[in-house]
Amino acid sequence: KAGVTQTPRYLIKTRGQQVTLSCSPISGHRSVSWYQQTPGQGLQFLFEYFSETQRNKGNFPGRFSGRQFSNSRSEMNVSTLELGDSALYLCASSLAAGGMGTEAFFGQGTRLTVV
Amino acid sequence: DAKTTQPPSMDCAEGRAANLPCNHSTISGNEYVYWYRQIHSQGPQYIIHGLKNNETNEMASLIITEDRKSSTLILPHATLRDTAVYYCIVRVDPRNTPLVFGKGTRLSVIA
């Protein structure tokens, strides 16, 4: 079956602009999580959505937001971009069921560069 | 904050077993141990997880000490493609809590 698909793969934006990243989870998965990866901070959790509701949120400013649609696809938005937002943004999907099946499957990521 | 301690790097000869240690001395009774790896420029990949019993799958084995304060991920026959950063994560209730990644161990498999 198809894996987690993230678009676009690469993006260059100017400081002050906003950006929207998209994630299509594995078919049947209802949970989508977003992570930011930078060389200095490593992999950091942004937020998680399950059935269109945000269930968990990491310690990021309000400029970072997300949403999930009824088909489980998710988008994250970053407004007023700063140079420090340059990072690899990763999306992960999971069944969010108890016991087995709770492993998360990650996409290839979107590499965002802010100039 | 990550609740685990891992060595920053390790080397392993190709074809030999790679044994990656993880210390989680403050683990609670209901926390699972998860292992993921990230090959350069790719998203992390799930390897294995366990609660208290040892686990084995097609990729690796997970050995958890009886007191659960540490664990070891074993790749039985390491190949060059196993070169990656390996993350050990403790996680309570996988259904409702996010993965918290530490710095992991950079494993280099050498020919």
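Chains as they are written, first to last, in the numbering used here: chain W, 354 to 468; chain F, 755 to 865. Using N, Cα and C, we set each Cβ at its ideal position, and we do this for glycine too.
- In this structure, residue 426 of chain W keeps its C-beta atom at 8 Å or more from the C-beta atom of residue 386 of chain W.
- With its beta carbon less than 8 Å from one in chain W, residue 857 of chain F belongs to the interface.
- With respect to the 8 Å criterion, residue 405 of chain W and residue 384 of chain W are not classified as neighbours on the basis of their beta carbons.
- In summary, residue 802 of chain F is buried, with 16 or more beta-carbon neighbours lying within 10 Å of its beta-carbon over all protein chains present.
- If you look at residue 765 of chain F, you'll find it in the beta strand (DSSP E) that goes 763-767.
- Taking a contact to require three or more Cβ pairs closer than 8 Å, the segment 428-445 of chain W and the segment 362-373 of chain W qualify as touching.
- The three-state reading of DSSP puts residue 437 of chain W in helix, counting H, G and I together.
- Residue 760 of chain F places its beta carbon less than 8 Å from that of residue 858 of chain F.
- Residue 829 of chain F has its alpha-carbon roughly 23 Å from the corresponding atom of residue 854 of chain F.
- Residue environment analysis places residue 431 of chain W among the buried positions, since at least 16 neighbouring C-beta atoms fall within 10 angstroms of its C-beta.
- Contact annotation: the segment 770-790 of chain F touches the segment 816-827 of chain F, with at least three C-beta pairs closer than 8 Å.
- With a threshold of 8 Å between beta carbons, residue 456 of chain W makes contact with chain F.
- When DSSP states are grouped into helix, strand and coil, residue 835 of chain F belongs to the helix group.
- The straight-line gap separating the alpha-carbon atoms of residue 833 of chain F and residue 403 of chain W is approximately 37 Å.
- Taking a Cβ-Cβ cut-off of 9 Å, the neighbours of residue 386 of chain W in chain F comprise 852 and 853, given in sequence order.
- For the 8 Å CB-CB criterion, residue 786 of chain F and residue 863 of chain F do not form a contact.
- DSSP places residue 383 of chain W outside both helix and strand once states are collapsed to three, so it counts as coil.
- Between residue 794 of chain F and the set F:851, F:836 and F:842, the nearest pair of CA atoms involves F:836.
- The beta carbon of residue 797 of chain F falls within 8 Å of a beta carbon belonging to chain W, placing the residue at that interface.
- Under the 8 Å criterion on CB atoms, residue 803 of chain F is classed as interfacial with respect to chain W.
- Rounded to whole angstroms, residue 468 of chain W and residue 358 of chain W show a C-alpha spacing of 25 Å.
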